[in-house]
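Protein sequence lines correspond, in order, to chains S and C.
Counting from 1 along the first sequence, just add 6 to a position and that's the residue number in this note's numbering.
Counting from 1 along the second sequence, just add 4 to a position and that's the residue number in this note's numbering.
For glycine and all other residues, C-beta sits at the position ideal for the given N, C-alpha and C.
Note that the coordinates shown come from a computational prediction; the quantities given were computed from them, not determined experimentally.
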Amino acid sequence: MKIINFYKYRISAFIFSFFLILFSVFLFIKDNLNLGIDFKGGILIEANFATPPNLADLRDKLIGMAVGNVEIQEFGSPENVLIRIEKNSEKKDEQNALINNIKNELPSEIDYRRIEFVGPKVGKELQIMGIKAVLFSLLAMFSYIWFRFSGWQFGLGALVALFHDVLSTIGFFSLTQIEFNLASIAAILTIAGYSINDTVVVFDRIRENLSKKESPFSELLNLSINQTLSRTLMTSLTTLLALLALYIFGGEVVRGFVSAMMWGVLIGTYSSIFIASPLIALLGFKIIKQNQ
Amino acid sequence: MLSLNKWRIFFVILVCLSGIYFLYPNFFNKTEVTALPNYLSKKQVNLGLDLQGGSHLLLEVDTKSVLKEKSEYLVDDIRSALRKQKIKYSNLGSKLSGAVVTITNKEKVDLARKSIRENIEKGIQISTEQTKLNLSFSDEYIIDSNIKTVDQSIEVVRKRVDESGTKEPVIQKQGEKRIIVQLPGIKDPERIRSLIGRTAKLNFHLLDPTTVELAQQRGKLPPGTFRVSNADPTAYEKEFLVKKRILLTGDNLVNAAATVDAQSGKYVVAFEFDRKGGKKFAKITTENVYQRLAILLDNKVISAPQIREPITGGQGNISGNFSPETANDLAVLLRAGSLPAPIEVLEERTVGPSLGLDSIEAGKKALIVGFILIILFMIIRYRIFGLIADFAIIFNIILLISLLSLIEATLTMPGIAGIVLTVGMAVDANVLVFERIKEELKSGRSIINSIDLGYKFALKTILDANFTTLIAALLLYNYGSGPIKGFAVTLSIGIITSMFTALILTKLIVSLWVVKLKPNRLFLTKIS
């Protein structure tokens, strides 16, 4: 079997990832996330017009009415328009009146496909919930790996890889300015689950090889990564195929979620090969033979 | 070892058949399913609001306002207790949850405390600071009051939703003071929302003969009156001076209905008092003939008719500037009773029926296309093993949907994405096994030995790997709301069913194949 020396590329991979994370953090600070109304509060209306509307006219009309920031974009087709209104008013009467006013102002033959309103109070709560969900699941995975592989180096290696994937996914959201909403939190957690899945498969092989081969740890790492490589690639490919089908046919609503997932599958596969495994060696994992 | 235990075969077939049995009802719509014979399951996967269209509302009950109201009543109780004992006091007033009073005569503090104690509820604590008495609600009292307020609010909201004719609404308490309302397939969410959100406190007052303009010229309001605006801002009289005393409230109503007034031809809301209310109403109308009655809804005057003659029948009409809808809505509100506290709409998500249908179509298409792509890919890569894995994927979907039906889970759009994703990831367990078998074959083991070891070694990895994904899914379920929960559910169940199909189902098929047909090569691709 031809063995690819992945371990050799660890330094370049670390440098690449370091800059990737740095770039992600930079993007996050510079452009922030395109927070949806789930987290920011506000009104979202998806309206299907009989004929493609003039977005500029529509924008002027709505800006005149609404107190907050108005965003209008085409959604899927020229007839379908997404209107987002960011508004800080806590008063329910005003929100209700605003939705009604907008409806009165727009032509009557419009099909309202979606109307969502999230109050600022709920928006804040959902933000906290999202952060909690991500942090707790990272912590839970870290603990599980530590426990199953009886070495903190394994746990930490996996955790660093996870943070790497999560941060770069947030960078991906900043870069593309895809709306960041509750589904994005679901995407991040699924990516974390997927990435750790990959990592565990490699770790498992390392553990197995540790018990039966006597060779330098770096060689062991390489062997394990290579042995699991075709599985890693196969699974990434089938998952990507499923995501591709969702991206093309799944409709506009899930498209943002799916593109983040695609990024996550790629970065998760990369990180389990180039980051998680070499880190164990870097963190000073020593082979202790039980039978000696 | 590769064993073809009869019981194991029986078990696997049983699971697969029950999968089909529970999947079957999903091919029918709701009315068709009730017509199915009784020996068939009738449980279906529920479609989430984002797929069937409808409205989701998150409401918060302002429980503090009830405590504030109770604090004001407490002030009255203190006043009457002290007056009975002729104890002088000052600085009597309410707090956010309680009241304070200062007793003028230091020696009477104990007596005052005792007589107040006898006059108030048990859950109210009194603390003394020299001559100042501090009354506050105990924690249990507050919790108890809040629970009552929220439960009552849920009852009222339920009545209003039922009266509005919405089918299969879901109304649940969430947390301490929140209510979730789910209304499938409604057409006019704004109307329902305004119906639910209104406090609908109906109060009968007397109007003060002084006009607002006159009071403004004099620079002060007549004693015991307050200014109230007209519910109809386009009306000629914009504001009224209303006497503070509440004569009657909507609590005394037993019925209300929208009708057309025979004389004016306009829409009115006819109401009927209970016996006690009817008597009171008769007395009021007898004593105040030719005065004007003010009917206040949520502190706005909806009607201010003149009492032309005593009304002793316990019935009356409210004539505002009603359209058929607004008259009907008011009648619904009056029948359902008022909310004990104001309600705030924190969140509302409405999906129109067209988007729901499109999403279902899109989900089906994505599932079928993704499925075909993966099936082809697996056959190209693993040949016969690929075919076996494909068989496992099909049963994975069948089992997944049948389990969802069995627990009558709610399928959402993210949930469909979860199923498609599960198909992609379900292959993983099979791939792990097949790659392992390949490896064992390469190291020179026999076919049967390789298969045996392949499953054995892959088992541990699969369990570890899936467990971590399950952690993520469970946390999502715990923290997520609505559609996201749906995603977590399909992902978790998908992981569990994929372990069954990959580890038990395919193992059985592979064993059968190897034992019965004794192939001399496992993978058609040559193994070097």
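By a C-beta neighbour count over all protein chains shown, 10 Å radius and 16 as the cutoff for buried, is R120(S) buried or exposed? buried
So is S265(S) in contact with chain B if we call contact Cβ pairs under 8 Å? The structure shown has no chain B; the protein chains it does contain are S and C.
How would you call I281(S), buried or exposed, if buried means at least 16 neighbouring beta carbons within 10 angstroms? buried
Uninterrupted beta strand (DSSP E) stretches inside the segment 11 to 50 of chain C (no shorter than 3 residues): none
Where the alpha helix (DSSP H) through K304(C) begins and ends: Per DSSP, K304(C) belongs to no alpha helix (DSSP H); it is in the beta strand (DSSP E), 304 to 307.
What residues in the segment 399 to 431 of chain C have a beta carbon less than 7 Å from any beta carbon of chain S? M417, P418, A421, V424, L425, V427, G428, M429, V431
What residues in the segment 185 to 202 of chain C have a beta carbon less than 9 Å from any beta carbon of chain S? P193, E194, R197, S198, G201
Three-state class that DSSP yields for Q89(C) in the structure shown: coil
So, do the segment 397 to 416 of chain C and the segment 200 to 212 of chain S have three or more beta carbon pairs nearer to each other than 8 Å? no
Three-state secondary structure (DSSP) at I200(C)? helix
Check the C-beta distance from D210(S) over to D468(C) and give it rounded, since I have them as a contact under 8 Å. 6 Å
Look up T132(C) in the DSSP assignment and say whether it is helix, strand or coil. strand
For chain S, check one thing: does any of its Cβ atoms lie closer than 8 Å to the Cβ of T473(C)? yes
Residues that T263(C) bridges to, as DSSP identifies them: V272(C)
Any chance the segment 370 to 379 of chain C sits against the segment 244 to 258 of chain S, with 3 or more Cβ pairs inside 8 Å? yes
Which whole-angstrom value describes the C-beta separation of L39(S) and S180(S), a residue pair presumed to lie in contact below a C-beta threshold of 8 Å? 6 Å
Rounded to the nearest angstrom, what separates G281(C) and N303(C) at their Cα positions? 20 Å
To the nearest angstrom, report how far apart I221(S) and F291(S) are at their CA atoms. The identity of residue 221(S) in the sequence shown is Ser, whereas the question assumes Ile. Cα to Cα, S221(S) sits roughly 14 Å from F291(S).
Curious, which full-length alpha helix (DSSP H) runs of at least 4 residues does the segment 67 to 149 of chain S contain? 98 to 111
Contact set for K530(C): own chain, Cβ-Cβ below 7 Å, skip 5 residues either direction: Confidence at K530(C) is low in this model, with a pLDDT of 44, below 50, so the placement of that residue should be treated as unreliable; the coordinate-derived value is given next. Counting only Cβ-Cβ distances below 7 Å, and skipping sequence neighbours, we find nothing.
How many angstroms separate the CA atom of F381(C) from the CA atom of V49(C)? 30 Å
Determine, for L252(S), whether the minimum Cβ-Cβ distance to residues of chain C falls below 8 Å. yes
Give the C-beta separation of G270(S) and D171(S) to the nearest angstrom, bearing in mind that I take them to be a contact with Cβ-Cβ under 8 Å. 6 Å
Which residues in the same chain have their Cβ closer than 6 Å to the Cβ of G341(C), if we skip the five residues on either side of it in sequence? V160
Mind pulling the chain C residues with CB within less than 9 Å of T241(S)? G428, M429, V431, D432, V435, L436
Note down, in chain order, all residues in the segment 218 to 250 of chain S with a beta-carbon under 8 Å from any beta-carbon belonging to chain C. Q233, T234, S236, R237, M240, T241, L243, T244, T245, L246, L247, A248, L249, L250
Terminal residues of the continuous beta strand (DSSP E) containing Q186(C)? 182 to 188
Who are the neighbours of S143(S) on chain C, taking C-beta pairs under 7 Å? I475, A476, L479
Three-state secondary structure (DSSP) of Q220(C): helix
In chain order, what residues of the same chain have a beta carbon less than 6 Å from the beta carbon of T253(C), not counting five sequence neighbours either side? N207
For a contact defined as C-beta to C-beta under 9 Å, what are the partners of T354(C) on chain S? Y118, R120, I121, E122, F123
Consult DSSP for I9(S) and reduce its assignment to one of helix, strand or coil. coil
Can you tell me which of L165(S), L288(S), L243(S) puts its alpha carbon nearest to the alpha carbon of S277(S)? L165(S)
For the beta strand (DSSP E) containing S233(C), list its first residue and its last residue. 229 to 233
In angstroms, rounded to a whole number, what distance separates the CA positions of Y483(C) and T354(C)? 22 Å
Could you give the DSSP three-state label for G484(C): helix, strand or coil? coil
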